[in-house]
Amino acid sequence: MKCFSVSWRVLLLLALALVVSACTGPSAPAPSATAVPTVKPAAPKAPVAIRFGIYADPAREVVAKAQAEAFNKSHPNITVTVEAVPFSDYYKKLGIAMASGDAWDVFMINAAYFRQIAPEGKLKDLTDPIKKSNLNLSDYTVDPGNAIYKGKTLSLPYELNMMGLFYNKDLFDAAKVSYPTEKWTWNDLLQASQKLTKTEGGKTVQWGFYSENNYPSLHDFIAQNGGAMFNDDMTKSRINEPAAVEAIQFMVDLVQKHKVSPLPADLPAGVNPFMTGKVAMVINYSFSVQPNLKAPFKWAIAPLPMGKQKAYGYWTQAVSLFEGTKNADAAWEFAAYLMSKEAQELMAKERGATPSLKSVARSPIYLQAPPEGMEMFIKQYEDAPSPVPLPAQFGELMSWPTSVNGVAFTPAWNGQVSAKDAADQAARNSDKILSAK
Amino acid sequence: MKFSKLWLLPFLAPYTIGLCLFVLGPMFFSLYLSGTKWSLFGQASWIGLQNFDNMIQDDIFWLALRNTAYYALMLVPGELLCALLLALLLNTGLRAIGFFRAVYFTPYVMSLVSVGLVWAWFLTPNFGLLSQILQALHLPAPAFLQTRDLAMPAVAATSVWRNTGYYTVLLLAGLQSVPREMEEAASVDGASGLARFRYITLPFLSPTLFVALVIATIWAAQVFDLTYIMTLGGPENATLTIVQYIYNSAFANGKMGYASAMSWALLLIMLALTVLYFFSQRWWVHYE
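Protein chains in written order, with my numbering: chain A, 174 to 610; chain B, 5 to 292.
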């Protein structure tokens with residue numbers, strides 16, 4: 174009997190343990206734990222409401238708000254609400270929303286996610302609406318990898334994201350170094366950085382250049398050295414080839430050997446390194462212009478320096494319509510509006526990103542100062558464009574802190590392993606993921 | 005069952021229905037999913053035990069398990085010992101016992117996200133409060149959350165700070181059920197404080213300690229919020245916990261089947277551990 178009563182209690186307590194383990198305490202995590210601000214435009218409540226999903230960064234929010242407001246004014250029967258989600262959670266939220274049938278009607282999409290989601294049939298086919306409208310897609314910077322799937326067009330080009338060398342003119346003037354030019358090579362970058370790095374009492378207080386361990390910078394330096402991160406159809410990693418390893422070694426040397434670049438831990442967290450005023454040059458993007466406008470120093474944009482060849486990395490952001498949208502016509506109208514000269518000029522004026530409409534990207538509205546050097550974006554695109562590879566497994570491979578690249582290259586940046594060993598590990602683990610799907 | 009006891013059923017029904025719909029139902033659905041390949045969209049295709057096979061060969065799965073075990077090994081003894089100390093101190097007939105209990109319990113009611121964010125700020129290298137204090141005292145001020153070997157201990161420390169209050173309240177309740185007469189009799193007989201603690205307090209406290217141990221272990225294995233907020237699993241996967249890896253696989257990589265398989269593996273591990281705890285009761289838990 175004792176044996177039986179013990180096991181009865183054990184069963185009851187086990188069941189209790191199971192139930193207790195189902196409650197994780199007072200807080201249940203949500204995939205996007207940060208706030209999702211929505212922008213309600215000034216127009217009165219209208220019969221059709223559609224939602225526009227964007228990445229939550231300052232530049233995109235300013236532009237999308239302006240575009241939504243202008244659209245709401247001119248289309249009184251449609252109300253557009255902008256919903257911004259931080260990039261790190263954006264695609265998770267979008268994926269779950271699409272699976273449950275409740276996604277945003279219009280949303281931003283990049284080539285990596287496009288490759289993941291196009292085969293699932295959740296993006297509306299826009300081939301016919303485009304034909305019927307008077308949109309001429311050759312007027313825009315279109316990336317077929319972010320637009321076309323099996324001959325059907327599933328998105329519209331919204332932004333061009335170029336990279337540029339942002340430099341702090343005040344720091345250059347103080348150190349009497351001449352500004353970066355189109356002819357700059359890696360060596361020029363290094364020499365200028367050395368002159369721009371200052372130490373006080375053994376601690377570095379100012380750095381010349383921020384050599385960042387992220388995929389856009391890696392792509393730039395590798396491509397400029399004649400290498401590539403992946404092969405053409407993105408089935409194999411090429412990051413441990415000599416050309417790529419040399420480029421990575423140069424980036425690491427800037428931090429460890431020449432000590433002209435800070436590590437992320439050397440800078441205040443949560444602040445754009447350029448804005449701290451402690452780094453004279455950074456590689457930033459088309460969408461970094463707007464947040465840097467309020468910098469307390471004079472700055473300008475120069476083309477990226479060249480290695481063995483010129484290579485200016487870029488990618489595009491498109492907008493797609495959700496296949497299950499309940500307001501297809503209104504959503505299409507808004508998406509078509511985003512392609513219009515008016516909407517693209519709003520993006521140009523607010524410096525959200527480089528407009529995809531080439532005529533606007535070349536127009537004075539976008540090219541005018543401040544800051545100086547805005548023409549560098551489109552010039553680089555026309556001179557030596559080098560598309561950043563965005564495979565479907567982008568998050569696992571390159572973008573998250575726990576990605577293959579993040580895990581493999583952090584010790585290299587910390588000087589704990591050589592670039593070659595890190596690249597070998599990255600290539601091995603990337604190949605595992607690339608061949609798994 | 006006696007007929008007169010049938011009236012129990014409608015009272016039990018709401019909870020039981022909820023249990024089946026929201027706990028047991030999804031659990032068994034996930035058991036089915038663990039034998040499939042499903043990306044959230046489209047159909048789930050049956051692949052049998054392939055997910056479990058992949059799981060055993062997945063280095064990151066084992067890494068996540070090791071990280072979680074490391075975290076639990078630091079957290080559970082840490083929080084239980086601190087809670088025991090605090091409970092013993094509070095049990096000395098303090099007048100302001102209610103006030104102190106509230107103070108120590110407060111971290112537990114704070115949102116885990118805010119705890120994580122504030123501690124991440126506190127531990128920020130060079131600019132966070134801890135770093136500034138250490139530098140002012142001319143002590144080494146490493147970047148805790150950015151250094152591979154220090155990140156998990158830092159997260160565990162945050163967790164100890166947060167959870168201790170809960171176990172303090174739990175153990176305090178247990179301490180107050182220790183019969184006073186026994187303690188007084190023992191001290192009259194000349195037993196020292198330590199001997200009293202070892203032979204009287206601890207045995208009477210052991211059932212509560214046991215419950216606290218089981219709950220603490222299960223919750224330690226489920227850690228997700230803190231590591232997600234403070235380090236996102238980095239640096240170099242040092243703080244990647246098993247639940248976070250399951251979350252990443254399911255929602256970011258679209259491998260629902262694989263994630264379900266890992267969830268069930270975790271459940272089986274925790275069940276085994278709990279059963280071990282229950283069998284160990286024989287040696288150290290004394291029930292009246």
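For every residue, glycine included, the Cβ atom is placed at its ideal position computed from N, Cα and C.
Please list the terminal residues of the continuous beta strand (DSSP E) segment that includes Y487/A. Per DSSP, Y487/A belongs to the beta strand (DSSP E) from Y485 to L494.
Compute the Euclidean distance between the alpha carbons of F109/B and G169/B, then round it to the nearest angstrom. Spanning the two alpha carbons is a distance of roughly 4 Å.
Going along the chain, which unbroken runs of the beta strand (DSSP E) with 3 or more residues stay wholly within the segment 61 to 126 of chain B? Along the length of the segment 61 to 126 of chain B, whole beta strand (DSSP E) runs at least 3 residues long do not occur.
Pull up the CB-CB distance for F244/A and Y510/A, whole angstroms please, since I reckon it's below 8 Å. The pair is a contact, with the Cβ atoms about 5 Å apart (cut-off 8 Å).
Using a C-beta cutoff of 8 Å, does Q150/B count as contacting chain A? Chain A contact via Cβ: present.
Expressed to the nearest angstrom, what Euclidean distance is found between the alpha-carbon atoms of Y291/B and Y251/B? Distance between the alpha carbons of Y291/B and Y251/B is about 40 Å.
Any chain B beta carbon closer than 8 Å to V580/A: Chain B places a beta carbon closer than 8 Å to that of V580/A, counting this residue as a contact.
Can you name, in chain order, every residue of its own chain whose Cβ lies under 7 Å from the Cβ of P210/A, other than the five neighbours on each side? Any reading at P210/A must be qualified, since the residue scores a pLDDT of 45, below 50, and its modelled position is unreliable; the value itself is stated next. Here the set comprises A257.
Along the chain, where does the beta strand (DSSP E) that runs through T205/B open and close? Taken as a continuous stretch (DSSP letters only), T205/B belongs to no beta strand (DSSP E), as it is neither H nor E.
For a cutoff of 8 Å on Cβ pairs, would you count A256/B as touching chain A? Cβ-Cβ to chain A under 8 Å: yes for A256/B.
Using the beta-carbon count (16 or more within 10 Å), is Y263/A buried or exposed? By the 10 Å Cβ count, Y263/A comes out buried.
Is L607/A close to chain B? Criterion is C-beta to C-beta, closer than 8 Å. It does not; no Cβ of chain B falls within 8 Å.
Helix, strand or coil, according to DSSP, for A222/A in the structure here? DSSP places A222/A within a strand segment (E or B) once states are collapsed to three.
Cβ of G568/A less than 8 Å from any chain B Cβ? It does; some Cβ of chain B falls within 8 Å.
Range covered by the beta strand (DSSP E) that runs through L333/A: Membership of L333/A in the beta strand (DSSP E) is indicated by the continuous run L329 to N341.
Excluding the 5 residues flanking T300/A on each side, which residues of the same chain have their C-beta closer than 7 Å to its C-beta? So the list reads K325 and T326, once near-sequence residues are dropped.
If we define contact as Cβ-Cβ less than 8 Å, is T128/B a contact residue for chain A? T128/B counts as touching chain A.
Is there a Cβ from chain A that is less than 8 Å from the Cβ of P239/B? Closer than 8 Å: yes.
Among L427/A, Y322/A, S273/A and G375/A, the one whose alpha carbon lies nearest that of W586/A: The candidate whose alpha carbon is nearest that of W586/A is L427/A.
Skipping 5 residues on each side, what residues in its chain have a beta carbon closer than 6 Å to that of K218/A? Because the pLDDT at K218/A is just 48, under 50, the model does not fix this residue reliably, and the value given afterwards should be weighed accordingly. So no residue of the chain qualifies.
Rounded to whole angstroms, what's the CA-CA distance from P14/B to P330/A? Just pull it up for me. C-alpha separation (whole angstroms): 59 Å.
Please work out which residues of its chain come closer than 7 Å, Cβ to Cβ, to D343/A, disregarding the five sequence neighbours upstream and downstream, and give them in chain order. Excluding residues within five positions, the ones whose Cβ falls inside 7 Å are F470 and K471.
Would you kindly check if the distance between the Cβ of L338/A and the Cβ of A484/A is under 8 Å? Taking 8 Å as the Cβ cut-off, A484/A and L338/A do not qualify as a contacting pair.
Below 8 Å, can you find three or more Cβ-Cβ pairs linking the segment 263 to 281 of chain A to the segment 245 to 260 of chain B? These segments touch.
Can you list the residues of chain A that G46/B reaches, using a CB-CB cut of under 7 Å? The contacting residues are E293.
Suppose contacts are defined by Cβ-Cβ distances below 8 Å. Is R233/A in contact with G525/A by that definition? Going by beta carbons, R233/A and G525/A fall inside the 8 Å limit.
Is it true that the CB of A521/A sits closer than 8 Å to the CB of A115/A? Here chain A comprises residues numbered 174 to 610, so residue 115/A is not present and cannot be evaluated.
Name, going along the chain, the residues of the segment 522 to 549 of chain A whose beta-carbon falls closer than 9 Å to a beta-carbon of chain C. Here chain C cannot be found, since the structure's protein chains are A and B.
For A365/A and S38/B, what's the separation of their Cα atoms in angstroms? Roughly 56 Å separates the two Cα atoms.
Residues of the segment 446 to 458 of chain A with Cβ closer than 9 Å to any Cβ of chain B, in chain order: For the segment 446 to 458 of chain A, which is checked against every Cβ of chain B, not one residue is closer than 9 Å.
Between A241/A and V255/A, which are expected to be in contact by the criterion C-beta below 8 Å, what is the C-beta distance as a whole number of angstroms? Yes, they are in contact, since the Cβ atoms of A241/A and V255/A sit about 5 Å apart, within 8 Å.
In chain order, what residues of the same chain lie with their CB nearer than 6 Å to the CB of A215/A, ignoring the 5 residues before and after it? Its pLDDT being 49, under 50, A215/A is placed unreliably by the model, and the measurement read from it follows with that caveat. Exclusion of the five residues before and after A215/A leaves no residue of its chain whose Cβ lies closer than 6 Å to its Cβ.
For P157/B and M78/B, I'd like the C-alpha separation in whole angstroms. When rounded, the separation of the alpha-carbon atoms in P157/B and M78/B is 7 Å.
Nearest-angstrom Cα distance between N334/A and S311/A? Put simply, the backbone Cα of N334/A is about 17 Å away from that of S311/A.
V279/A and A504/A look like a contact to me (Cβ under 8 Å); what is the Cβ gap, rounded to whole Å? Rounded, the Cβ-Cβ distance is 5 Å, consistent with contact.
For M512/A versus L308/A, is the C-beta distance shorter than 8 Å? In this structure, L308/A lies closer than 8 Å to M512/A by Cβ.
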